[in-house]
Amino acid sequence: MGISEQVFYRRKKQYAGIGVAELRRLKQLVADLSLDKKVQQDVIQGKL
-15 MGISEQVFYR
-5 RKKQYAGIGV
5 AELRRLKQLV
15 ADLSLDKKVQ
25 QDVIQGKL
């Protein structure tokens, strides 16, 4: 799975000035949301 050049350069421009602490926080937020989504899917499917 890839992304287009346009998306790549747009994101590069958007996140070029982001600091290390902000990047860590952003990655943690994405991980938390991914876990929340997985748990919700498991509940819906009756796995929990």
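No gaps in the numbering here: position 1 of the sequence shown is -15 in this note's numbering, and each next residue is one more.
Using N, Cα and C, we set each Cβ at its ideal position, and we do this for glycine too.
Values in this document were obtained by computation on a predicted structure and should not be read as measured data.
ask   = Per DSSP, what kind of secondary structure is Ala5 in: helix, strand or coil?
value = helix
* To do: Put Ile28 into one of helix, strand or coil per three-state DSSP.
  => helix
Can you name, in chain order, every residue of its own chain whose Cβ lies under 8 Å from the Cβ of Val4, other than the five neighbours on each side? none
For Val27 and Val(-9), I'd like the C-alpha separation in whole angstroms. 34 Å
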